[in-house]
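Participant: Protein sequences, first through last, are from chains A and B.
Those letters in the first sequence? Residues 2 to 143, per this note's numbering, in order.
Those letters in the second sequence? Residues 2 to 143, per this note's numbering, in order.
Protein chains: 2
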Amino acid sequence: MKPRELSLEECADLLSTSKYGRLGMSINDLPYVIPMSFVYSDGMIFLHSNGRGKKIDLVSKNSNICFQIDRLDKDHWASVIVYGKARISSDMNAKRKMFDIFSQKGLGGHGGKPFQMEELERIEMTIWKIEVLEMTGREGIW
Amino acid sequence: MKPRELSLEECADLLSTSKYGRLGMSINDLPYVIPMSFVYSDGMIFLHSNGRGKKIDLVSKNSNICFQIDRLDKDHWASVIVYGKARISSDMNAKRKMFDIFSQKGLGGHGGKPFQMEELERIEMTIWKIEVLEMTGREGIW
């Protein structure tokens, strides 16, 4: 059976019901992929991380990213690829925006504990906002 | 809690016990990530795919890949990143090698059915052999 293309609505459904995705970045055509928790809201993808390390170095040099989400079962797979530009920010407005959307979804920080705004103000945190430029999806059997 | 680096042995353990990973590729620093089933054997990663499409185009232009494997639980995550060079081949020797290692692991093709050598000889299939140049891993809580 050949893979089937997913509609934009089916892609958005998989994004809305997933908690984790894989963030692909690249410098000098050396790719780098890491798992990230995320929220899809208002047609954008929001991530959070600390403010140092390889992924921050990479995105600061090349904001073109690929965010990949999937549902892999024994026989069946479905995968959505989002191409976009990532913007990172550590200011209070970005933290508040992320606090709002994570709270709406009942998601939190370390260990799944709900965020407290007072804690967010205190801790170092970088918010990633990914504008979706293109989104494609497919499903098939292995 | 800060993430902890995994030892090479722990990385190899996660590779040996996983069935699916995410393959990262890049052209012109535009990253591309897809899920792939794989087998880790003799210090190399083996994938199979059909012989056409975007991933074949990309790997033909840039063989530098990143293969990422993880185990994501509610609170805890572990992730291994392999950097390597991918070599693709559709000849019978490559098919036989893949047939042997997939059979040893009890893995098969479409729908998980065991491969038959007669079928492999007949069908179009591209074998990906990834030489591991560097491997790193970390674990932590979300």
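Positions of the beta carbon are idealized from the N, C-alpha and C atoms, including for glycine.
It should be emphasised that the depicted structure is a prediction, and the values quoted were computed from it without experimental measurement.
Could one say the Cβ of Met136 (chain A) lies closer than 8 Å to chain B's Cβ atoms, at least one of them?
Facilitator: Taking the first residue of the first sequence as position 1, residue 136 (chain A) is located at position 135. Taking Cβ atoms only, chain B never reaches closer than 8 Å to Met136 (chain A), which makes this a no.
Participant: For Gly85 (chain A) versus Ile28 (chain A), is the C-beta distance shorter than 8 Å?
Facilitator: For the purposes of this step, residue 85 (chain A) is identified with residue 84 of the first sequence, where counting begins at 1. For the purposes of this step, residue 28 (chain A) is identified with residue 27 of the first sequence, where counting begins at 1. Result no, Cβ atoms of Gly85 (chain A) and Ile28 (chain A) do not sit closer than 8 Å.
Participant: With 8 Å set as the bound, which would you pick, yes or no: does the beta-carbon of Val40 (chain B) sit closer than that to a beta-carbon of chain A?
Facilitator: The sequence position of residue 40 (chain B) within the second sequence is 39, counting from 1. Answer no: the Cβ-Cβ gap between Val40 (chain B) and chain A never drops below 8 Å.
Participant: Run through chain B and tell me which residues come within less than 8 Å of Met26 (chain A), C-beta to C-beta.
Facilitator: In the first sequence, counting from the first residue as 1, residue 26 (chain A) sits at position 25. Correct list: Pro32.
Participant: From B:Gln105, B:Met93 and B:Leu134, pick the residue whose C-alpha is nearest to that of Leu121 (chain B); which is it?
Facilitator: Locating residue 121 (chain B) in the second sequence gives position 120, where the first residue counts as 1. Ranking the options by Cα distance to Leu121 (chain B), first place goes to B:Met93.
Participant: Could you tell me which of B:Trp78, B:Ile70, B:Met26 and B:Val40 sits nearest to Ser61 (chain B), measuring between CA atoms?
Facilitator: Position 60 of the second sequence, counting from 1, holds the residue named residue 61 (chain B). Among B:Trp78, B:Ile70, B:Met26 and B:Val40, the Cα nearest to that of Ser61 (chain B) belongs to B:Met26.
Participant: Which of the three DSSP states, helix, strand or coil, is assigned to Ser104 (chain A)?
Facilitator: The residue given as residue 104 (chain A) occupies position 103 in the first sequence. It is helical.
Participant: Can you grab the Cα-Cα spacing for the pair Leu15 (chain B) / Ser38 (chain A), in whole Å?
Facilitator: The count along the second sequence starts at 1 and reaches residue 15 (chain B) at position 14. The count along the first sequence starts at 1 and reaches residue 38 (chain A) at position 37. So the alpha carbons of these two residues sit roughly 20 Å apart.
Participant: If I measure Cβ to Cβ from Leu134 (chain B) and keep anything under 6 Å in the same chain, skipping five residues before and after, which residues do I get?
Facilitator: What you label residue 134 (chain B) is simply residue 133 of the second sequence in a count that begins at 1. Answer for Leu134 (chain B): Tyr84 and Gly85, listed in chain order.
Participant: Relative to the alpha-carbon of Met1 (chain A), which residue among A:Phe47, A:Ala13 and A:Tyr33 has its alpha-carbon at the smallest distance?
Facilitator: Outside the modelled stretch of chain A, which goes from 2 to 143, sits residue 1 (chain A), for which no answer is possible.
Participant: Specify, as a first and last residue, the run of the beta strand (DSSP E) that Leu73 (chain B) falls within.
Facilitator: Looking up residue 73 (chain B) in the second sequence gives position 72. First-last of the beta strand (DSSP E) with Leu73 (chain B): Asn65 to Leu73.
Participant: Quick check: is any heavy atom of the ligand SAH less than 7 Å from the C-beta of Ser64 (chain A)?
Facilitator: Although the ligand SAH was asked about, the structure shown includes no ligands whatsoever.
Participant: Using a Cβ cut-off of 8 Å, pull out every chain A residue sitting near Trp129 (chain B), in sequence order please.
Facilitator: The sequence position of residue 129 (chain B) within the second sequence is 128, counting from 1. Ordered by position in chain A, no residue passes the 8 Å Cβ test against Trp129 (chain B), which lies about 15 Å from the chain.
Participant: Under 8 Å between C-beta atoms, does Ser17 (chain A) make it to chain B?
Facilitator: Along the first sequence, read from residue 1 onward, the residue named residue 17 (chain A) stands at position 16. No, Ser17 (chain A) does not count as interfacial toward chain B.
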